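S.K.:
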Amino acid sequence: MGRWVALALAAVIAAPLAVADGGTAEAQVWKPKKGPRKKAKPRPKKKRPPHVPGGGASEARDDDRRDRHRGGDDGDGDGDDIEIDDETPPTPPARGKTGKTGKTGKTGKTGGGAIKTGGGAIKTGGGGSTEIDGDGGDTDGDDLDDDDGSATGGDGEDDDDDGDGDDGSIRISDDLDDVGADVTFSDADLASDAAGGGGSTRLETLALGYGRLGLDTVQDAPPRVSSQLAGTGEDVLSFRAHGRAESTSRFGNRFKVKVAGRADAELGLDADTKVGVERYQAEIWDTYADLYTSWLDLRFGKQIVAWGTADLISPNDVVNARDLRRGIALDPDEMRLPVLALSATAFTGPLSAQALWIPVAPRSRFELIDGDYSILGPHAATATERQLGAMVSVLADDPMLGPAISPILAIGSDTSNGIDTGELGASGSIETRRFDLHGYFLWGHERTPRIAIADDLRAFLVNTPPDMLTPENLADQVQLLAQQGVPAVVVDQPRRIHAGGALATRIEPIGIKLDAAWSPRANTILVSPGAGPVLGQPRDLAQASATLSLDYDRGTELSAVLEVSHLRVLDVPAGAQVFQLNGDHLTVVAGRVSWNPRSGPVTLTTLGFVDVDSPSYAVRPAIELSGHDHWAVEIAATIYGGPEGSYGGIYDDADEVTLTVQYGL
Numbered sequence: 001m002g003r004w005v006a007l008a009l010a011a012v013i014a015a016p017l018a019v020a021d022g023g024t025a026e027a028q029v030w031k032p033k034k035g036p037r038k039k040a041k042p043r044p045k046k047k048r049p050p051h052v053p054g055g056g057a058s059e060a061r062d063d064d065r066r067d068r069h070r071g072g073d074d075g076d077g078d079g080d081d082i083e084i085d086d087e088t089p090p091t092p093p094a095r096g097k098t099g100k101t102g103k104t105g106k107t108g109k110t111g112g113g114a115i116k117t118g119g120g121a122i123k124t125g126g127g128g129s130t131e132i133d134g135d136g137g138d139t140d141g142d143d144l145d146d147d148d149g150s151a152t153g154g155d156g157e158d159d160d161d162d163g164d165g166d167d168g169s170i171r172i173s174d175d176l177d178d179v180g181a182d183v184t185f186s187d188a189d190l191a192s193d194a195a196g197g198g199g200s201t202r203l204e205t206l207a208l209g210y211g212r213l214g215l216d217t218v219q220d221a222p223p224r225v226s227s228q229l230a231g232t233g234e235d236v237l238s239f240r241a242h243g244r245a246e247s248t249s250r251f252g253n254r255f256k257v258k259v260a261g262r263a264d265a266e267l268g269l270d271a272d273t274k275v276g277v278e279r280y281q282a283e284i285w286d287t288y289a290d291l292y293t294s295w296l297d298l299r300f301g302k303q304i305v306a307w308g309t310a311d312l313i314s315p316n317d318v319v320n321a322r323d324l325r326r327g328i329a330l331d332p333d334e335m336r337l338p339v340l341a342l343s344a345t346a347f348t349g350p351l352s353a354q355a356l357w358i359p360v361a362p363r364s365r366f367e368l369i370d371g372d373y374s375i376l377g378p379h380a381a382t383a384t385e386r387q388l389g390a391m392v393s394v395l396a397d398d399p400m401l402g403p404a405i406s407p408i409l410a411i412g413s414d415t416s417n418g419i420d421t422g423e424l425g426a427s428g429s430i431e432t433r434r435f436d437l438h439g440y441f442l443w444g445h446e447r448t449p450r451i452a453i454a455d456d457l458r459a460f461l462v463n464t465p466p467d468m469l470t471p472e473n474l475a476d477q478v479q480l481l482a483q484q485g486v487p488a489v490v491v492d493q494p495r496r497i498h499a500g501g502a503l504a505t506r507i508e509p510i511g512i513k514l515d516a517a518w519s520p521r522a523n524t525i526l527v528s529p530g531a532g533p534v535l536g537q538p539r540d541l542a543q544a545s546a547t548l549s550l551d552y553d554r555g556t557e558l559s560a561v562l563e564v565s566h567l568r569v570l571d572v573p574a575g576a577q578v579f580q581l582n583g584d585h586l587t588v589v590a591g592r593v594s595w596n597p598r599s600g601p602v603t604l605t606t607l608g609f610v611d612v613d614s615p616s617y618a619v620r621p622a623i624e625l626s627g628h629d630h631w632a633v634e635i636a637a638t639i640y641g642g643p644e645g646s647y648g649g650i651y652d653d654a655d656e657v658t659l660t661v662q663y664g665l
């Protein structure tokens, strides 16, 4: 019954989207927000700021560098770009081809954990792209950002000096995950800062929080360990309270410091009202210091490095680890974890190059036994792994058998990575009016740990029927291995080399992006048909992947992204298959549609991933009401389906409906 309720909600949301896609695209004409206009006059010569120490040629480079780079994107994916107001004729601004296509938004997007606060913002990022803010409701006339007609979102010319009578303001925004500070400076302010050695300081802060209540539409009984004991079941009722805050300080136009933090409190109850997930977490988020020069930018701290051009499935987005504890039906921006790194980006003309040093290898987060998406939880891939997880959850605090099964519990522990796990990366870009070309290389590690179970223990678990597994015989097997000096489980993060490239162009009104990547040795889990990842055999095999992405985003009520991604693993032994793949390959069609009818308070969104080989799927439709400057409410459904062990079929019983209430300052 619950499945039909969720599917009905998806149909209700999808119907108006189909109508909008067919009937409103032609009728919507994008126009910039008009402000007071003055009679045009001949374009004066380009203004220069007051003399900067070491002026002359460096002074000109400083001015060109500020116009070219900060008028576009600093390449970190956090949207903290400086845009120049330009009251150009009402022509739709060109978007950066390599930018991440944004969702049509109102005041507060709450989909799947990421909160949008752009006030109608349509965000684009990536290499050299622009940001279209729409109407933020602030009536300051700064809603049309700089665009000179370049297909990549800016050619380095200062369009502020076009004689249109505007005040020459420069808008600086910091909004990683669309949460950040918006500060407006004038050219006079920046010139004063430059003349005074950058002594002037600007500070902006922002805070936001939401509460989310989730209800499973498919409710299974907790797994039984024995006639008297039951393991933790799925989260039938879940609650999450989330808060985030950040502050950005700018010292002149050369130095910036950003400090951000997040806090979460999560609680889940199973069908027996037993607590499953209970998580309280507070951490520093993207916190870093920036230094800008005429040709080089330096950044040190925790940061987001979003390589690749595709919006939803980029094979080159390998720098940041992922938070895998809340499923796969999420936007990538909501899953990335900031990584501690030092990055240096150099610019000259259309060329740019980035060097990256990561002192300690990051690790993706996942749950072992608690929660709907844990690898040994109630929705584990096989009955044996579900039974194993139930026994481990029951015996974790047992004084007699707990120590014996501790090696299995250690799978979920954080690895103690040190400075010897450091990583090096590099990227290069060529950005022209017609196309953008990017290359990437990373000498790093696997982000998801490799789990290797001892052969004897794996054979015991595979050959024993789930209903015959008991805490006693499991403990006996682990103790026997300990006596032989053989570790029951080994968890590590092997080295991985990644090389890739990306191409982006635009044939109005469609953006076209192509990502491709290659790894000669990537962690691969080989399983017999129907087996799960814990009982599989890890191998290092070559992998190749590519994604074609098309996007439609004109700053109107409707935006859409459609992607096709293919992954192939080479040299897979005969008779084996890769976990969650169709033999040795996986083809996924991903899409995201956002519709804000008449730019009103209601926004309809749908995010979906479909494995065409299984077939299986993961879909998240949502309805949001955000007619208030601070409050927003969202109702969403997450729906999974497919064969057991497939891309979406693993979570076939994890369907849920969520209600989210958000408040932002």
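Residue numbering for the sequence shown follows my numbering, beginning at 1 and increasing consecutively.
From the three backbone atoms N, C-alpha and C, an ideal C-beta is built for every residue, glycine too.
Only a predicted model underlies this, so the values are computations on that prediction, with no experimental measurement involved.
Looking only at its own chain, which residues have a Cβ that is under 7 Å from the Cβ of D270, when we skip the five neighbours before and after it?
M.R.: Once the five neighbours on either side are set aside, the close Cβ partners of D270 are P222, T232, G233, E234, D235, V236, G276.
S.K.: Considering N463, what are the terminal residues of the alpha helix (DSSP H) in which it resides?
M.R.: Here the alpha helix (DSSP H) through N463 covers 455-463.
S.K.: Given K256, which residues of its chain have a CB within under 6 Å of its CB, disregarding the five upstream and five downstream residues?
M.R.: Same-chain partners within the cutoff: R250, D290.
S.K.: Going by DSSP, which residues form a beta bridge with I635?
M.R.: Partner(s): I623, L659.
S.K.: Just confirm the distance between the C-beta atoms of A618 and P315, as a whole number of angstroms; I'd bet it's less than 8 Å.
M.R.: Not a contact, Cβ separation roughly 19 Å.
S.K.: Using 9 Å as the threshold, is the C-beta distance between G591 and E563 below it?
M.R.: Cβ atoms of G591 and E563: closer than 9 Å.
S.K.: Going by DSSP in three states, L388 sits in which element: helix, strand or coil?
M.R.: Of the three classes helix, strand and coil, the one that applies to L388 here is helix, per DSSP.
S.K.: To which residues of the same chain is Y440 closer than 6 Å at the C-beta, ignoring the five residues directly before and after it?
M.R.: Closer than 6 Å at the Cβ level, and outside the excluded window around Y440, lie W307, N316, S427, G500.
S.K.: Which residues bound the alpha helix (DSSP H) around I358?
M.R.: Looking at the DSSP string, I358 is not in any alpha helix (DSSP H); the run it does join, the beta strand (DSSP E), is 351-358.
S.K.: Measuring only the C-alpha atoms, how far is T348 from E266?
M.R.: Roughly 47 Å between the two C-alpha positions.
S.K.: Under 9 Å, do G422 and P359 count as touching if we go by C-beta distance?
M.R.: For G422 and P359, yes; Cβs fall inside 9 Å.
S.K.: Among the candidates I284, A504, D571, whose CA atom is the shortest distance from the CA of A263?
M.R.: Among I284, A504, D571, the Cα nearest to that of A263 is on I284.
S.K.: Round the Cβ separation of N417 and R363 to the nearest angstrom and send it over; I've been treating them as touching at under 8 Å.
M.R.: Contact flag correct, Cβ pair sits at about 7 Å.
S.K.: Restricting to Cα atoms, I'd like to know which of T432, G211, L607 is closest to A504.
M.R.: Out of T432, G211, L607, T432 has the C-alpha closest to the C-alpha of A504.
S.K.: What does A565 pair with, by DSSP beta-bridge criteria?
M.R.: Per the sequence shown, the amino acid found at residue 565 is Ser instead of Ala. S565 pairs with T547, V588.
S.K.: Please classify D414: is it buried, with 16 or more other beta-carbons within 10 angstroms of its beta-carbon, or exposed?
M.R.: The residue is exposed, with fewer than 16 neighbouring Cβ atoms inside 10 Å.
S.K.: Does the distance from the C-beta atom of I375 to that of P533 stay below 9 Å?
M.R.: Going by C-beta atoms, I375 is nearer than 9 Å to P533.
S.K.: What are the residues that DSSP puts in a beta bridge with E266?
M.R.: DSSP, once it has assigned bridges, lists R240, R279 as partnering E266.
S.K.: I'd like to know whether the C-beta atoms of V225 and H498 end up nearer to each other than 9 Å.
M.R.: No; because the gap between Cβ atoms is not below 9 Å, this pair is not in contact.
S.K.: Is R598 helix, strand or coil by DSSP?
M.R.: Looking at R598 - three-state DSSP - the assignment turns out to be helix.
S.K.: Distance check for R447 and V339, CA to CA, integer angstroms please.
M.R.: One C-alpha to the other measures close to 11 Å.
S.K.: Skipping 5 residues on each side, what residues in its chain have a beta carbon closer than 7 Å to that of G536?
M.R.: Here the set comprises I525, L526, V527, F579.
S.K.: CA-CA distance, I430 and R506?
M.R.: The straight-line gap from Cα to Cα measures roughly 15 Å.
S.K.: What are the complete beta strand (DSSP E) segments, minimum 3 residues, inside the stretch 405-490?
M.R.: Correct list: 423-431, 435-445, 450-453.
S.K.: For S549 and F460, I'd like the C-alpha separation in whole angstroms.
M.R.: Spanning the two alpha carbons is a distance of roughly 45 Å.
S.K.: Can you give me the Cβ contacts of L704 inside the same chain, cut-off strictly under 6 Å, excluding the 5 residues immediately before and after it?
M.R.: In this structure the chain extends from 1 to 665, so residue 704 is not present and cannot be described.
S.K.: Please look up how many angstroms separate the CB atoms of A344 and A355, rounded, as I've assumed it's under 8 Å.
M.R.: A344 to A355, Cβ: 5 Å. Contact.
S.K.: Do the stretch 207-218 and the stretch 643-663 make contact, defined as three or more Cβ pairs closer than 8 Å?
M.R.: Counting Cβ pairs under 8 Å, three or more are found: they touch.
S.K.: Could you please give me the residues that DSSP links to H498 through a beta bridge?
M.R.: Answer is L442.
S.K.: Since I believe S594 is in contact with T605 (beta carbons under 8 Å), could you give me their beta-carbon distance rounded to a whole number of angstroms?
M.R.: Yes, T605 and S594 are in contact; Cβ-Cβ is about 5 Å, under 8 Å.
S.K.: On the three-state DSSP scale, how would you describe A329?
M.R.: Reduced to three states, the DSSP call for A329 is coil.
S.K.: Is there contact here, the stretch 625-633 with the stretch 643-655, by at least three beta-carbon pairs under 8 Å?
M.R.: No, they do not touch.
S.K.: Alpha carbon to alpha carbon, what distance is there between L437 and L351?
M.R.: If I take the Cα positions, the gap works out to 10 Å.
S.K.: Excluding the five sequence neighbours on either side, which residues of its own chain have a C-beta within less than 8 Å of the C-beta of V478, listed in chain order?
M.R.: Excluding positions up to five away in sequence, the list reads A404, I405, P407, I408, L457, A488.
S.K.: Output yes or no for whether 9 Å exceeds the beta carbon distance between V394 and A230.
M.R.: Yes; because the gap between Cβ atoms is below 9 Å, this pair is in contact.
S.K.: Quick check: what's the CA-CA separation for N523 versus P494?
M.R.: One C-alpha to the other measures close to 8 Å.
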